[in-house]
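Chains as they are written, first to last, in the numbering used here: chain H, 2 to 122; chain C, 2 to 122.
Beta carbons are placed, not taken as given, at the ideal position from N, Cα and C, and that holds for glycine.
Predicted model, so just to flag it, every value in this text is computed and none were measured.
All remarks here apply to the structure that follows.
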DNA sequence: TCAACATATGTTCATCTGTTCATATATTAA
DNA sequence: TTAATATATGAACAGATGAACATATGTTGA
């Protein structure tokens, strides 16, 4: 064991604990993917879009109306959601209907919503 | 019904759908809280800290060692996690041990991790 | 073909965020 | 008290991000 492994000035203090944690932690790439996914959810506009299409497919125009937002703003956010594969879309003439890619997203969000709703403390 | 309720140039097109969605959607304040929570998870440094203390309490010094980060950086991020009530801490002499506030956080993250791990597509 | 409409995209700008450096606070031991 | 150590915090800076505007693309019907 090298000097770098010593922590808090003590000998072998939390060394074992640290090694244990290292073993169980997802690798760097996965953590970044995870953070990126949460980043998508971290904007209230995107979240409102996601919540809107959670059970219904909606066209861009509907989303603009519903969320009282610029068409440009909505399209830009939809682009981000498309890139991150969280939504799918279907073209029907001039219109494009968006819906959630799968049920995972809904689960993650409703779990988080529960936490919020309990968390008065 | 007013003109503003017309969407996509059609008469009463997705009007009912929109109203339905409006009914079911969480209110603005809740959405913002939700977004704020996801914002906390959206940084890989914070995520690594959270993952590290998911089953073990660790002191700041351990976290620096484990994550190979500045003590200042770690403290700043811990401050954010404290403010958002996602972690709790315990002082023991000079050291401060951090751990997760409750199991919700773990559930949300592991759910998201599952999504990531499946999502090769 | 052209006009009208729905959507997408490039660019700019103001704002936010994470990291670092320097320094402050707090605790322990001598 | 002073020195050493663990942690917290303030300021500054680089990079990221969301919104808006202008414009491009694609589709339909005349």
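**Request:** May I ask you to report which of helix, strand or coil DSSP gives residue 86 of chain H?
**Result:** DSSP places residue 86 of chain H in the coil class of the three-state scheme, outside both helix and strand.
**Message:** Any beta carbon from chain H within less than 8 Å of residue 28 of chain C's own beta carbon?
**Reply:** no
**Item:** DSSP-derived helix/strand/coil call for residue 58 of chain H
**Value:** Looking at residue 58 of chain H - three-state DSSP - the assignment turns out to be coil, as it is neither helix nor strand.
**Prompt:** Are there three or more Cβ pairs, one per stretch, closer than 8 Å when the stretch 68-82 of chain C is compared with the stretch 84-99 of chain H?
**Reply:** no
**Item:** Continuous beta strand (DSSP E) stretch holding residue 108 of chain C: start and end
**Value:** Taken as a continuous stretch (DSSP letters only), residue 108 of chain C belongs to no beta strand (DSSP E), being part of the alpha helix (DSSP H) at 104-119.
**Asked** Does DSSP put residue 73 of chain H in a helix, a strand or coil?
**Response** helix
**Message:** Can you pull the chain H neighbours of residue 75 of chain C, defined as C-beta to C-beta under 8 Å?
**Reply:** Listed along chain H, no residue sits closer than 8 Å to residue 75 of chain C by beta-carbon distance, the nearest being about 13 Å off.
**Prompt:** Does DSSP classify residue 122 of chain C as helix, strand or coil?
**Reply:** Note that residue 122 of chain C has pLDDT 48, beneath the 50 cutoff, so the model's placement of it is unreliable and the number below is only indicative. Coil, per DSSP.
**Message:** Can you look up residue 92 of chain H in the DSSP assignment and give me helix, strand or coil?
**Reply:** Note: residue 92 of chain H maps to strand in three-state DSSP.
**Asked** DSSP on residue 45 of chain H, reduced to helix/strand/coil?
**Response** helix
**Request:** Would you mind telling me which residues of chain C sit closer than 9 Å to residue 107 of chain H, beta carbon to beta carbon, in chain order?
**Result:** Result: empty, since nearest Cβ-Cβ is about 11 Å, beyond 9 Å.
**Request:** Please report how far the alpha carbon of residue 50 of chain C lies from the alpha carbon of residue 63 of chain C, in whole angstroms.
**Result:** 10 Å
**Asked** Three or more beta-carbon pairs under 8 Å between the stretch 98-107 of chain C and the stretch 29-39 of chain H, yes or no?
**Response** no
**Cβ neighbour criterion (16 or more within 10 Å) applied to residue 124 of chain C** = Since the displayed chain C opens at 2 and closes at 122, residue 124 of chain C lies outside it and no answer follows.
**Request:** Would you please state the rounded distance, in angstroms, between the beta carbons of residue 116 of chain H and residue 55 of chain C? I believe it to be under 8 Å.
**Result:** Wrong, their Cβ atoms sit about 15 Å apart, outside the cutoff.
**Prompt:** Smallest Cα separation from residue 99 of chain C: which of C/68, C/61 and C/78?
**Reply:** Measuring from the Cα of residue 99 of chain C, the nearest candidate turns out to be C/61.
**Item:** Bridge-paired residues (DSSP) for residue 97 of chain H
**Value:** H/92
**Request:** Find the residues of chain C that neighbour residue 43 of chain H, judging by a C-beta separation of less than 7 Å, and give them in chain order.
**Result:** 36, 39, 40 and 43
**Prompt:** Between residue 57 of chain H and chain C, is there a C-beta pair that is closer than 8 Å?
**Reply:** yes
**Item:** Coil, strand or helix - residue 28 of chain C by DSSP
**Value:** coil
**Request:** List the residues of chain C whose Cβ lies closer than 7 Å to the Cβ of residue 49 of chain H, in chain order.
**Result:** 32
**Message:** Do residue 97 of chain C and residue 57 of chain H have their beta-carbon atoms positioned less than 8 Å apart in this structure?
**Reply:** no
**Request:** Could you confirm whether any beta carbon from chain H is found closer than 8 Å to the beta carbon of residue 81 of chain C?
**Result:** no
**Prompt:** How about residue 41 of chain H and residue 82 of chain H: do their beta carbons lie closer than 8 Å?
**Reply:** yes
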